[in-house]
Structure formats: C-alpha cells, structure tokens
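Here's the structure, in structure tokens; my notes come after.
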Amino acid sequence: MINPVAVKYMSKDEIERLMYSFTASKSNEEAQTFEALVRRLLEIIEEQNR
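Structure below.
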C-alpha cells in the first residue's frame, strides 16, 4: 500500500503510472473530482514535454 511518505520519494514516472492506475468510486464525488484534477494535470505535463 502506498502512503504519503512513500509518495514523497517517488519519481515523476512512478507517480504518473500510479495515478493512471487509480479510479474513483462513482459514489464519491470528491474522489471523482480529485481524479479529474490529477488526470488533467498529467495531460498538461505531457503537453509541456512535447
């Protein structure tokens, strides 16, 4: 299980892989919003790297 301390030491690639593997519960609106924010942030990062 990933914890906040471990995340602090993860590489960008590790974080991206991990974030793409998560999906929010349909019954948890806050989790869905957070998932959308993270996915958009990853899209922006990818666009900037081009």
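Throughout, our numbering is defined as the position within the sequence shown, counted from one, plus 5. We put the beta carbon where it would ideally sit given N, CA and C, even for glycine. Since this is a predicted model, take the numbers as computed values, not measurements.
Note on geometry: alpha-carbon atoms of residue 46 and residue 18 lie some 14 Å from one another.
Apart from the 5 residues on each side of it in sequence, residue 27 sits with its Cβ closer than 7 Å to the Cβ of 40 in its chain, given in chain order. In the DSSP annotation of this structure, the continuous segment of the alpha helix (DSSP H) that includes residue 26 starts and ends at 17 to 26.
In the DSSP annotation of this structure, the continuous segment of the alpha helix (DSSP H) that includes residue 50 starts and ends at 34 to 53.
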